[in-house]
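Protein chains in written order, with the working numbering: chain A, -1 to 550; chain B, 562 to 745. For every residue, glycine included, the Cβ atom is placed at its ideal position computed from N, Cα and C.
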């Protein structure tokens, strides 16, 4: 109990404290405070022209298309290229499509095990590169959104923003994290697998590789794709409790800082404080719930002569302590990271519901950049509903919210449950999903529901019992990830583009304040009603049904 | 399309800086500062690599401490968890098999970590309780007094994170190597 409290306080509290100076730095960076760097970036890009929302969006899409094309080609040709000491062969076309889509969209859903699928070159120049640039894409989009809301005449230049995010935010922090991880025991080598003969004389082949560099940016950019199959439960990705703390910290620091960056760029830090408060409250509720549910010992051991004085240990690593598995589960799914520090499929049913809820809401800090953008959509809806309730013209920071903005916001918000529930229904009803389950009954349904939630939320974690490296799963989740990425980035940019075109009114005493408790509670209720009402029936069929019928 | 050229230039620049330079710095640092860990913490005994300090290997003989169950069957190239739900019958069956392997009984229940498979299937540790639970078997097989086996366990057991994770654990490979050094 004490250890749990200390751990949560250290990770969440510590990250919250450090997010403040980082947010300030990021706001300064994206406001052009570092002119020398910007001149260099302009020279590298050969472009520094101001862009309106359409040009910015097109630039974002073109660069993301280049990302997709390059990595798709690299993964397809890996068996012909160097840095392949373990002789990985060609992968199937649908797995290559799925993996490329997954890493381009910052999802990092993995239908493969890295150590037995990709060469070191594919992992480093393909997947790790995407972990940098896809995260930078998200942060850039947030900077553009903030500029629009702040009333700037243009949204900035995507190519400059991407370099600011990649070179000035992600790279230096990733370097610190990677060096710390290397010092604490994460391998970093280009040698192939090690051959050993065990004490009992058996042969064991041990996969290794350049993991330290990979794991650092995987955590930091809310990417989540592991170097090895079982992600950060693998002792090489997460060798000590201290490494584990660094990794959990790295998951959440930039998503938290993005809120402060947004607040500073729009010049409304108290508004950011209210948003941060709502996000933190939801996160703490989820953390408390998952740790409490996971303290229940495994039902499977109940009638056997097994000491049940610890919580559920299936799928957990002893060196990482009792708390960090469930804590990680809450953090990684609140932030769209998707790395795991314990196997989510083996969580107690209600504990397994918490990560799903995190992905359904998808903005309790959320992915780097995009978490705050998702929250912007909820803010638009909350402000609109609040305005209607008190009979005033809905305004957000002096911008009038009208039919067009609302239609767009609802379109983006509705796409999330449509992708998740539609996909789940299709796969639960057909052999595409049913034939791939590891667990039967309600838990099997949860595996399908989790997979689509993870894809649509660009999270990437999984109930990994699912045999998901099949053509239907690879194509379907690949498409869901692409829609789930670009729609919620482009639609908010379009909304702000539409707001920018209108005359901005001055805020008066009659304007609904977006600071303080009233706004915070309104926002919280909007999120809960949207999330709870849309997903409750699916939750009832999966984890809740499993808990009620099978747990004693 | 005036966005294509800048995109291609950024492609090159980010590849050079975020992959080549970043990777080289981390690689150079790791290989200089922590070469043992950087290459997988491979333990060499009498000139032969016998395993990784961080990766569980299978032990089946009575004279060795046994690791936690592994859904990957201790395959260092195919790490994985069981992914079974606590409500799963398969998990119950597997647990029953483990219990009978240890001949655990109601008056002498087995610590849960020896029955629960780890997340990656390669957890190199067992709990202090899990080690003590096996001490009698190991001591008998080696013809050693239980006391001296327990002394080795106590010497090697450590709390992985001080106040943050106070429950002590033992590295199975190190424990078994220490026993081999003890003799018999």
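Looking only at 739(B), 733(B), 649(B), the smallest Cα-Cα distance to residue 628(B) is reached by 733(B). Think of a sphere of 7 Å around the beta carbon of residue 744(B): no beta carbon from chain A falls inside it, the nearest being about 15 Å out.
Setting aside the 5 residues that flank it on each side, residue 266(A) is surrounded in the same chain by 395, 512, 513, each with a C-beta closer than 8 Å to its C-beta; the list follows chain order. Neighbours of residue 680(B) in chain A, taken as residues whose beta carbon is under 7 Å from its own, are 228, 231, 313, 314, 315, 340, 341 in chain order. The straight-line gap separating the alpha-carbon atoms of residue 219(A) and residue 678(B) is approximately 30 Å. Chain order gives the chain A residues near residue 721(B) as 238, 239, 316, 317, 318, 319, where near means a beta carbon separation below 8 Å.
Residue pairing by DSSP places residue 50(A) opposite no residue, since no beta bridge is assigned to it.
Straight-line spacing of the CA atoms in residue 5(A) and residue 725(B) works out to 6 Å. Annotation for residue 98(A): the continuous alpha helix (DSSP H) segment containing it runs 91 to 102. Between the beta-carbon of residue 348(A) and that of residue 586(B) there is about 44 Å, and that puts the pair past the 8 Å contact cut. Within chain A, the residues 303 have their CB atoms less than 8 Å from the CB of residue 667(B), given in chain order. Among the residues facing chain B, residue 459(A) is not included, as its CB has no counterpart in that chain under 8 Å away. Around residue 584(B), the beta-carbon contacts reaching into chain A at under 8 Å are 122, 126, 208, 211.
Fewer than three pairs of CB atoms, one per stretch, sit closer than 8 Å, so the region 70 to 78 of chain A makes no contact with the region 420 to 428 of chain A. In the displayed model, residue 658(B) falls within a helix according to three-state DSSP. Relative to residue 735(B), the option among 728(B), 582(B), 716(B), 721(B) whose CA is nearest is 716(B). Cβ neighbours of residue 157(A) within its own chain (closer than 6 Å, five residues either side excluded): 43, 45. Between residue 644(B) and residue 224(A), the C-beta spacing is not below 8 Å.
The three-state reading of DSSP puts residue 202(A) in strand, counting E and B together. Distance from residue 740(B) to residue 713(B) at the Cβ level is roughly 6 Å; contact confirmed, criterion being Cβ atoms closer than 8 Å. Contact with chain A is found for residue 670(B), since one of that chain's Cβ atoms lies less than 8 Å from the residue's Cβ. By the Cβ criterion, the region 79 to 95 of chain A is not in contact with the region 441 to 456 of chain A, since fewer than three pairs of Cβ atoms, one from each stretch, lie closer than 8 Å.
According to DSSP, residue pairing for residue 688(B) in a beta bridge involves 730(B). About 16 Å separates the beta carbons of residue 145(A) and residue 39(A), which is beyond the 8 Å limit, so they are not a contact pair.
Following the DSSP letters along the chain, one finds residue 609(B) inside the beta strand (DSSP E) bounded by residues 609 to 613.
Residue pairing for residue 304(A): DSSP places it in a beta bridge opposite 671(B). When 519(A), 473(A), 550(A), 500(A) are compared, the shortest CA-CA separation from residue 99(A) is found for 473(A). Beyond the five residues adjoining it in sequence on each side, residue 470(A) comes within less than 6 Å, by CB distance, of 430 in the same chain, given in chain order. Here DSSP, grouped into helix, strand and coil, assigns residue 137(A) to helix. Contact note: residue 170(A) does not reach chain B at a C-beta cutoff of 8 Å; the least C-beta distance is about 10 Å.
In terms of Cβ geometry, residue 263(A) and residue 25(A) form a close pair [threshold 8 Å].
Taking the CA atoms as reference points, residue 0(A) sits about 12 Å from residue 723(B). Your pair residue 208(A) and residue 110(A) does not check out as a contact, with CB atoms roughly 18 Å apart and the cut at 8 Å. Within the region 319 to 370 of chain A, the complete alpha helix (DSSP H) runs of at least 4 residues fall at 322 to 332, 347 to 359.
The beta-carbon separation of residue 411(A) and residue 379(A), rounded to 7 Å, stays under the 8 Å limit for a contact. The beta carbon of residue 165(A) falls within 8 Å of a beta carbon belonging to chain B, placing the residue at that interface.
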